[in-house]
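Here the structure comes first, spelled out in structure tokens, and everything after it is commentary.
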Amino acid sequence: MRAMWKGTISFGLVTIPIKLYAATETKNVSFRQVHREDGGRIQYKRVCTIDGDEVPYSDIAKGYELDNGDMVVLTNEDMARLPLSSSHSIDVLEFVPLESVDQLYFDRGYYLEPDKAAAKPYVLLRDALADSGRVAIVKIALRQRESLALLRVTSDVLVLQTMLWPDEVRTPDFSFLDEEQPEVRQDEMSMAGMLIESLSSETFEPDKHHDEYREAVLSLVEAKTEGQEVFAAPESESTEVIDLMTALRASVDSSSGNGRKSGSSRKSSAKSGSSKTKQDSKSKSATAKRTKSTTSKRSAS
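Basically my numbering = 1-based index in the sequence shown + 10.
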């Protein structure tokens with residue numbers, strides 16, 4: 011990994027030189043815009059809307075548009091002169107219980123590595139933080155933006171989790187919250203509890219889950235690269251939900267009888283042969299019909 015930021019953790023009178031690394035990366039399949047006819051890449055030019063001239067990147071500045079449409083131009087020199095107390099430091103503001111921080115505020119995660127000479131104060135802060143059961147609320151400036159963040163311990167490493175500011179988190183302004191809430195019967199609550207219990211695990215195991223859409227896209231690309239025929243995935247038949255209790259009972263029966271299925275067991279390949287695709291489609295159709303028949307019988311009883 012390559013360090014993306016260097017600075018210090020300011021902890022009282024203690025300063026800990028550290029390096030910051032991105033802890034996560036997105037695995038989205040990236041596409042390029044191309045000409046449909048020949049696959050040529052599409053290029054864009056930076057053109058000024060006033061004089062129509064193409065503008066080199068070195069002449070591009072930041073502009074803040076006012077309500078009346080006027081533009082205030084800000085140069086890199088203007089931005090560099092801004093007074094940021096946290097420009098090269100992670101300032102510890104307070105320590106709070108982790109459960110007191112709403113996870114809606116969480117943004118991106120970063121690993122913190124100490125300089126060789128700062129290993130002892132780093133370990134001291136790490137162990138003291140772990141023993142306290144709290145997290146540190148801090149301020150940091152990254153990419154010309156000052157952010158709130160929290161420091162916590164994961165796998166013997168200090169992790170910095172940037173956070174959104176309060177005005178960046180929206181309030182759920184839903185009309186149904188102001189209306190009288192529907193009454194939920196005790197038997198419905200019990201059945202919902204049974205469903206939750208049947209689908210529960212002791213711990214979250216992320217490796218059980220897979221990005222099936224990304225895998226399907228990559229399989230599609232591979233199939234087209236090899237000149238193979240691409241088959242559409244069979245559509246699952248929709249089942250009519252008669253009432254809430256029937257749906258809950260059917261869900262509990264299904265999860266109890268078949269057990270939980272991981273995402274990997276549901277993966278489909280875009281390169282699968284037509285005979286296998288048709289056979290799977292018939293099998294799923296027959297299963298769906300049996301399920302629908304069972305649900306109808308229970309409803310009738």
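Backbone N, C-alpha and C fix where the C-beta goes; we use that ideal spot for every residue, glycine too.
Bridge partner(s) assigned by DSSP for residue i
i, result
"Pro27", "Thr18"
"Gln171", "Gly119, Leu160"
"Lys149", "Asp101, Leu158"
"Val44", "Arg51"
Close beta carbons around residue i, own chain, < 7 angstroms, minus the five adjacent residues each side
i, result
"Val106", "Arg144, Val145, Ile147"
"Ser20", "Ser99, Ile100, Asp101, Val102"
"Ala13", "Lys29, Leu30, Tyr31"
"Gln154", "Met89"
"Leu254", "Glu198"
"Trp15", "Leu30, Leu152"
"Cys58", "Val65"
"Met11", "Tyr31"
"Trp175", "Leu158"
Collapsed DSSP secondary structure at residue i in the structure displayed
i, result
"Met11", "coil"
"Glu189", "coil"
"Arg144", "strand"
"Glu156", "strand"
"Asp125", "coil"
"Ala33", "coil"
"Pro313", "Here the chain has residues from 11 to 311 only, and residue 313 is not among them."
"Met112", "Residue identity differs from the one stated: residue 112 is Asp in this sequence, not Met. Correct three-state label for Asp112: coil."
"Ser165", "coil"
"Asp263", "helix"
"Asp253", "coil"
"Val133", "helix"
Spatial neighbours of residue i in its chain, beta-carbon cut-off 6 angstroms, leaving aside the 5 residues before and after
i, result
"Thr34", "Gly119"
"Tyr132", "Ile26, Pro124"
"Ala127", "none"
"Leu158", "Met173"
"Met204", "Val262"
Terminal residues of the beta strand (DSSP E) in which residue i lies
i, result
"Leu92", "First-last for Leu92: undefined, no H or E at that position."
"Leu103", "99-107"
Contacting residues, own chain, Cβ-Cβ under 8 angstroms from residue i (five flanking each side not counted)
i, result
"Val169", "Ala33, Gly119, Tyr120, Tyr121, Leu122, Leu161, Arg162, Val163"
"Asn38", "Arg224"
"Ala202", "Leu258"
"Val44", "Gly50, Arg51, Ile52"
"Gly73", "Met81, Val82, Val83, Leu84"
Enclosing alpha helix (DSSP H) for residue i [first to last residue]
i, result
"Leu205", "196-208"
Q: Any chance you could list the alpha helix (DSSP H) runs of at least 4 consecutive residues sitting entirely within the region 211-244, in chain order?
A: Correct list: 222-235.
Q) Which runs of the alpha helix (DSSP H) spanning at least 4 residues fall entirely within the region 55-86, listed in chain order? A) The qualifying runs do not exist here; there are none.
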